[in-house]
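Asks:
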Amino acid sequence: MANEVKLHGVTGSPFVCRAVIALNLKEIKYEFVAEDLSNKSADLLKYNPVYKKVPVLVHNGNPISESLVIVEYIDEVWKGVPILPQDAYEKAQARFWAKVIDDKCLPAVFKAIASHGEEQAVAEAHEALQFLENELKVKGSKFFGGDNINLVDISATFLALWVGAAEEALGIEVLSKHKFPKLTEWSDNYVNCQAVKDSLPPKENLVAFFKKRFGKA
Numbered sequence: 001m002a003n004e005v006k007l008h009g010v011t012g013s014p015f016v017c018r019a020v021i022a023l024n025l026k027e028i029k030y031e032f033v034a035e036d037l038s039n040k041s042a043d044l045l046k047y048n049p050v051y052k053k054v055p056v057l058v059h060n061g062n063p064i065s066e067s068l069v070i071v072e073y074i075d076e077v078w079k080g081v082p083i084l085p086q087d088a089y090e091k092a093q094a095r096f097w098a099k100v101i102d103d104k105c106l107p108a109v110f111k112a113i114a115s116h117g118e119e120q121a122v123a124e125a126h127e128a129l130q131f132l133e134n135e136l137k138v139k140g141s142k143f144f145g146g147d148n149i150n151l152v153d154i155s156a157t158f159l160a161l162w163v164g165a166a167e168e169a170l171g172i173e174v175l176s177k178h179k180f181p182k183l184t185e186w187s188d189n190y191v192n193c194q195a196v197k198d199s200l201p202p203k204e205n206l207v208a209f210f211k212k213r214f215g216k217a
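Residue numbers (UniProt numbering): 1 to 217.
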């Protein structure tokens with residue numbers, strides 16, 4: 001019980017993957033507890049009574065909910081590859097961009113996918129994604145975190161794999177290489193990081209999910 005780590009989640013969730021990537025970056029051994037969201041376990045409801053959703057990290061019996069809170073917790077508790085910058089300003093910037101991704105970019109991209117690529121929805125997604133494209137241009141680096149991935153990169157996990165799977169499944173284009181060269185280059189680099197690659201579900205599974213979810217099966 002000295003260092004018992006469990007992660008309650010579902011395979012294929014980009015938010016659960018955020019926690020998995022952080023655990024793999026730190027080389028932490030953990031037990032994955034698969035949840036059925038149509039029949040949530042008593043433990044999940046006990047550990048996250050407010051939102052009743054995954055992921056939930058349980059460390060020595062103490063639950064931590066919300067994917068980015070979990071990532072920051074992992075970074076603070078375990079040594080190894082840093083996920084947040086040490087500099088206070090850079091740390092604040094990383095948290096800011098992670099929030100931009102969750103509050104502005106992902107909702108717009110979700111809407112574009114759910115609309116099957118409706119023109120106005122895609123335009124709104126492009127407007128949101130342009131902020132990330134510009135940030136990568138300003139940084140001039142491989143990742144949002146510089147030479148290594150950080151909190152912002154992990155926050156953007158959905159953009160790196162799930163969007164491409166949705167595009168393939170639905171025959172739409174949201175994140176084009178022509179319009180977003182830096183973001184698509186980042187995506188390629190990110191999914192080929194070993195800790196990330198080991199954490200992601202097979203793309204074909206996600207393609208099948210989107211086909212089923214949006215009536216293209």
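Glycine included, each C-beta is placed from N, C-alpha and C at the ideal position. All values reported here derive from a predicted model rather than from experimental measurement.
1) Inspect the beta-carbon positions of E124 and A98 and report whether they are closer than 8 Å.
2) Out of Q120, K142 and E118, which has the shortest C-alpha to C-alpha gap to C193?
3) Report yes or no: do the segment 38-55 and the segment 109-118 share at least 3 C-beta pairs separated by less than 8 Å?
4) Identify every residue that forms a DSSP beta bridge with G146.
5) Mind pulling the alpha helix (DSSP H) runs of 4 or more residues that sit fully within the segment 150-178?
6) May I have a chain-ordered list of the beta strand (DSSP E) segments no shorter than 3 residues that lie completely inside the segment 23-63?
7) Measuring CA to CA, which of E133, V77 and L183 is closest to N3?
8) Over the uninterrupted beta strand (DSSP E) stretch that includes V5, give me the two end residues.
9) If you follow the alpha helix (DSSP H) that L84 is in, where does it begin and where does it stop?
10) Taking 8 Å as the threshold (C-beta atoms), are G12 and E35 in contact?
Replies: Looking at the coordinates:
1) no
2) K142
3) no
4) F143
5) 151-155 and 157-170
6) 31-34 and 56-59
7) V77
8) V5 to G9
9) Taken as a continuous stretch (DSSP letters only), L84 belongs to no alpha helix (DSSP H), as it is neither H nor E.
10) no
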